[in-house]
Structure formats: structure tokens, C-alpha cells
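In this note's numbering, the protein residues as written are 1 to 579. A virtual CB, placed ideally from N, CA and C, is assigned to each residue, including glycine. Below is one structure, written out as C-alpha cells; the observations come after it.
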RNA sequence: CGGGACGUAGCUCAGCCUGGUAGAGCACCUGGUUUGGGACCAGGACGUCGCAGGUUCAAAUCCUGUCGUCCCGACCA
């Protein structure tokens, strides 16, 4: 492609609304343009990258035995009601109405549609296993679109859905996708690694996310340096807090003491009270489907809402407001407690973190403003309905498997694999006749890759101060020819010869045929990040040489007759590293 | 939805406090000089100052409302 004949709208300065570097480079390198918040138009260069990532995904999905299909983005709401997600996913669903006022759903994923297909088309164990995938536009009514393509209202996703006859089969399908994902991201030149994940609103019982480490990532990953454990912080566990929970008791009954104005864990830990945070019980009130529940965690622990969501079994939950808390508990936040004897209403379920199971000699709110209780033995004094792991892991705690200190880092989620089980197949009636003639629900898995997000994640991981450094496998063009003289001069003529020869050899080549000064071309070249630049200038040409400059690497002069072969070798070698 | 910031040329921003003339740099067009890391000179084009009300002789500037964008929190590929 000739630079002068395409649209590469590079920008010297980043638009003010681009915050993170990958978003800035996305715009500065002319890959795409914002239409409005969360919606972007892909320009030719951006689309080329997108297509390359899609191609890698297709190759690996096909290799893993998945079948490509294409499902409607516009979907009838009744199948969403059947699966229950019309309610549980309500907040992210875009809805549209047609001329007869009938409502439609714009697809954020396609479990309902694929399961509908499976319900009519899969009837026998002989057809299984099957795995369908598609690459298509998805819609999500994001509360806050941000960071360019990272979190958009509309984005491109690869979604796959496996159907098996048995749980073991489903595990094998899951494993295949897991392996395919590892290859896909590696081939894109991305350092992505799998972590154990929470299953969220999609449901299911086994899941990994593929994470790209990045300071700007929206996820926190807990990991052990041994490499034997890594998990999303929403899911992560450890051997427990570094400070042990008190377990000794005097046997004394709970004793009320005045704590005027003390409404925080820290205040109670300070003088004159001196009650360490580890020996306090934190009492939180949530509304789960509008019914209050009491949550207990140790004073210095943070409630993990993802873990709570898994135990609550509610379609929606949120922290109660101060007024709601007062109405339910008869006291204000800061003085709350779950000790049965002090509770106003006893029909509220109590969820307690496992850390508190043996806890004795604890201090907690007295359910009366300005008072706390000491000598609380949790199991003796509090009627707990559900014991569960509800706390958030803190860096430095010990790994459950290795005993080494855990670390935490931020990351971008680019892929997610779930073992779904029979949740959707039961609700949407996908079943088959087994060898014994029994009708059984298919066992499903679902597997997503954020394609547009992956594109931006590559930029986030592969850039320097001057611009993007595309991996050869996803670069919009493999080679950039930069003649430094004006059109018609010997440098331009030679560049044109290279252009023809390289194209004939199957190389994707961009030639900067603009009548610009060398410095200007170099700056743009660095910005758009084509992996190999060939500079043809009069000075080196006088010596019979041209220059090869890998983006991010050292410049090398080569005889002008050898240049094409050198370029071919470089491209081939770069691609083989990412095969 | 809660908290914060901001809407002035295609982009980055100044002007607003203290009301009166629409500004700079980059980009764009024309001509010339330049030509190995975002050149220079001369000329030119580009604005309903987000929108709607209000105050005023007079509003980019003050007031009210509204829409939009961005940042922090809850959601997720």
C-alpha cells in the first residue's frame, strides 16, 4: 500500500480524553477514531490489525475442532427470560423496540441462541462433542465505557460454546479451549497468562481468565512466584491473614462498654481503647434482592463482594444505605453488631467469614450507638447461618499450595473460559439420548476472547516512548519502505523496485511515498510501529547500501542488492517466532 | 447512579476571575526556500465559544437548566 493512497491519520498530540498509553497510541497512530463515548470507527490500519488477530483466532479455533457459525446480534427477549438472564444481566442489556413496539435484545453474548440451536439440532450422543464459535459484534450497556476499546459499548468478541455428553467430556473440551487460548495470545505476541476466575453473572462452576499484566489493567491478580498459583482477587484464597485471629477466651460473657463517637475499626484500635483490628468483628449490612443480610468479616479484612455474590444466590445485591441500616438494626454504621442477644430483628440471615469460626475474645458493635461489646466468642454468641470464605486476600499472605508469600499485580482480561455445566441446557432444553436411551442435558462450556480489547492490550504491552512496536504476526504491514528523497529521485525509484519485488514475494509492504522530510517520516514510522523499516537515502545509496531498521532494534546497513532477501529472511524469522 | 473536572478552529490549549474586538501552536490550502529524526518565510481558509433560557445597552465571560466528554467507585471480553 502507498501511504499517500490510504488513510493513516497520525496525530502529533493525543486527544485530551485518551488517558492510558494504549488508548493514546490507538488514536495517534491513526488506527481508529471515536464516534462517541464507547464507540469507535476502525480506520484501515486498525482494521488490518483486527483482521490479523481474528485470523489467528480462527486458525486456532479450527485447529481445536470448533465450528464457526454466525448468530444474530438482534435477539428475542423470550429466550433471555427463559435463561433467567433477562433479569440477572438486565443492567448490561441493550434493548430496542421495533415499529410494533415489540422489544428486542442486542446480544452481549450468545448462550441463549446457541443453546436454542443445540436444543433442536443435537439429539444423540453420537453427535457429541460439538463446539461452535463466532466472531461478531457484541453490545453491552456499560455503566462507564473507558480506555478506548478496553471497555466499549460495542466491541468484537470471539465467543465459543461447547456441548458434551458427560462432565469428563466437558472438561476435555474446556482443556482444549484453554490450550487454544494460550496459543492464540502467544501468537499475537502477547504475554497472557491464565488465572483462576470468578464466574460472575454467566454462572457455572469452573473458570479461568487470560490476563495481560499491565498497570492500567482493571483487574487485580493474586499470584505465587512459584507459578503454581494465580487467581483473580475476586476468587483468590490464601492461608489467611498474617495476624492470627484471637482464639483464647476468659469465658466471660459479652460486656458492653461505652465508645462515644467511635465509628471506625481504626478508632477502636487506637488509644484509649487499643482493640487491635484483628480482634474486631466488622458488621456489614447488604440488601440481597431487597432483603437485608448481615455480613461479618474480621476488622482488618475487606469483604470480597464477588465471593459474597456466589454465596448469596441473589439476582441483585448492594450495600444498604445508612437509613436502611438504622431501620433494620436500630443502630448506625460503626456501632453495628450481630451478637444474637443485641439484635433487633432475628429473621435476618448472617453470613460470616471462615476467619471468625474459632474467634474468641472479640470486640464488635453493641447495636447501640456509642457502645461496643467485648468478650465476644463468635460461635457462642452469634447465630451464623452461613460460614464462607468472604475475605479479600492481601499481598504477602501465604500461598495455599506452596506457602510462599503471594503477590498482587494489575492485569487486563483478554479471554475467559467457563465450564458452564447444565445451567443453560436445562433451562433452554438442550438434551440428547445417551447410549442407554436416557435423555440427558448437554454439558456446556463457554469461551470468550475480547478481540478489540486484545488489539489494544497488544499496544499496551508493545510500545515505547515513540510509538507502537507491533509483533510481526499482527502488524498492519510487515515492512515499511522509507525513501528519503523526493518523488522521482533515485531513492524513490529504488524504493519502488523493492515495493514491487516484496509484494511479489508475498510481503505486506507499506511505502511512505509522501513528499515529506526524512525526520517527519521517521517520526510517523516509529509511531505506527511497522516491525521493519527499510530506509533508502542518498548518503547510504552512494555506498551502494540501504538501511534495515527493526522497530525497537538496531539499524543495519546492507548492500542494496541484498536488501530484498534480507527483508524476506527477517519477516520469515519474526513470524516463525510467533507461530 | 454517586463524587470530581471539563466543553472555545480538525488536534492541544489560552481568553472567563474583573462583561464590550474570537486568539496561539500544530494540522490544512497557495507560493517560495529547504530535505537523514515532527523545517523556514510569506500569504490564505477554518468558529452558531456544547445547547436552551435568563440578567445586561452589551455575554465565550455572570446566573439557571440541559446535553455531552473525561476521571474515581459499582459492571465485564
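Residue i - containing alpha helix (DSSP H), residue span
| i | result |
| --- | --- |
| residue 8 | First-last for residue 8: undefined, no H or E at that position. |
| residue 80 | 77-83 |
| residue 296 | Residue 296 -> not in any alpha helix (DSSP H); beta strand (DSSP E) instead, spanning 291-298. |
| residue 136 | Premise fails: residue 136 lies in the beta strand (DSSP E), 130-139, not in any alpha helix (DSSP H). |
| residue 568 | 563-577 |
| residue 379 | 378-381 |
Neighbourhood of residue i by C-beta, 6 Å cutoff - its chain only, sequence neighbours within 5 removed
| i | result |
| --- | --- |
| residue 416 | 209, 448 |
| residue 349 | 293, 385 |
| residue 359 | 245, 378 |
| residue 408 | 220, 222, 395 |
| residue 194 | 208, 210 |
DSSP-derived helix/strand/coil call for residue i
| i | result |
| --- | --- |
| residue 465 | coil |
| residue 420 | strand |
| residue 460 | helix |
| residue 535 | strand |
| residue 340 | helix |
| residue 108 | coil |
| residue 493 | helix |
| residue 498 | helix |
| residue 370 | coil |
| residue 72 | coil |
| residue 310 | helix |
| residue 355 | helix |
| residue 519 | helix |
| residue 390 | coil |
| residue 153 | coil |
| residue 26 | helix |
| residue 507 | coil |
| residue 411 | strand |
| residue 273 | coil |
| residue 117 | helix |
| residue 350 | strand |
| residue 527 | helix |
| residue 124 | strand |
| residue 404 | coil |
Beta-carbon proximity list for residue i, same chain, < 8 Å, skipping 5 on both sides
| i | result |
| --- | --- |
| residue 631 | Outside the shown range of the chain, which is 1 to 579, sits residue 631, and nothing can be said about it. |
| residue 278 | 241, 243, 244, 245, 246, 298, 299, 300 |
N-terminal and C-terminal residue of the beta strand (DSSP E) that residue i is part of
| i | result |
| --- | --- |
| residue 64 | It is not in any beta strand (DSSP E) - residue 64 carries neither H nor E in the DSSP assignment. |
| residue 319 | 317-319 |
| residue 479 | 479-483 |
| residue 329 | Unbroken run through residue 329 is the alpha helix (DSSP H), 322-329; no beta strand (DSSP E). |
| residue 546 | 545-550 |
| residue 281 | 281-288 |
| residue 557 | 556-559 |
| residue 257 | 255-258 |
| residue 365 | 362-365 |
| residue 102 | Residue 102 -> no beta strand (DSSP E), and no H or E assigned at all. |
| residue 32 | 32-36 |
| residue 41 | 39-42 |
| residue 94 | 94-97 |
Residues near residue i by beta carbon distance below 7 Å, same chain, minus five either side
| i | result |
| --- | --- |
| residue 502 | 479, 509, 564, 567 |
| residue 295 | 284, 286, 303, 308, 351, 390 |
| residue 215 | 410 |
| residue 546 | 534, 535, 536, 540, 558, 560, 563 |
| residue 466 | 526, 527 |
| residue 531 | 470, 472, 475, 478, 550, 551, 574 |
| residue 316 | 289 |
| residue 455 | 49, 50, 53, 149 |
- Task: List in chain order: all unbroken beta strand (DSSP E) runs of 3+ residues lying wholly within the region 217-244.
- Result: With a minimum length of 3 residues, the continuous beta strand (DSSP E) runs that stay inside the region 217-244 are 219-224, 230-232.
- Message: Would the region 372-382 count as touching the region 312-329 if we require 3 or more Cβ pairs under 8 Å?
- Response: Segments in contact, no.
- Uninterrupted beta strand (DSSP E) stretches inside the region 157-221 (no shorter than 3 residues): Complete beta strand (DSSP E) runs here, min 3: 193-196, 206-213.
- Should the region 6-23 be called in touch with the region 102-115, which here means at least 3 C-beta pairs below 8 Å? Flag = no, the region 6-23 and the region 102-115 do not touch.
- Message: Assess contact between the region 39-46 and the region 481-492, defined as three or more Cβ pairs (one per stretch) separated by less than 8 Å. Is contact present?
- Response: Contact fails between the region 39-46 and the region 481-492, because fewer than three Cβ pairs, one in each stretch, are under 8 Å apart.
- Query: Does the count of Cβ pairs from the region 450-464 and the region 49-58 closer than 8 Å reach three?
  - Reply: Yes, they touch.
- Query: Can we say the region 331-343 touches the region 362-374, given the rule of at least three CB pairs closer than 8 Å?
  - Reply: Output reads yes: the region 362-374 touches the region 331-343.
- Item | Three-pair Cβ contact test at 8 Å for the region 390-402 versus the region 256-269 | Contact fails: fewer than three Cβ-Cβ distances are below 8 Å.
- Query: Which runs of the beta strand (DSSP E), 3 residues or longer, sit entirely within the region 421-451?
  - Reply: Restricted to the region 421-451, the beta strand (DSSP E) segments that are unbroken, complete and at least 3 residues in length are 431-433, 439-441, 443-450, listed in chain order.
- Item | Cβ contact (3+ pairs, closer than 8 Å) linking the region 146-153 and the region 165-185 | No, the region 146-153 is not in contact with the region 165-185.
- Message: Three or more C-beta pairs under 8 Å: does that hold for the region 169-187 against the region 56-67?
- Response: Yes, since at least three Cβ pairs between the region 169-187 and the region 56-67 fall closer than 8 Å, the two stretches touch.
- Query: Looking at C-beta atoms only, is the number of pairs between the region 487-504 and the region 516-536 that lie closer than 8 Å three or more?
  - Reply: Yes, the region 487-504 touches the region 516-536.
- Task: Decide if the region 417-427 is in contact with the region 225-242; the criterion is three or more beta carbon pairs, one per stretch, under 8 Å apart.
- Result: Too few Cβ pairs lie closer than 8 Å, so no.
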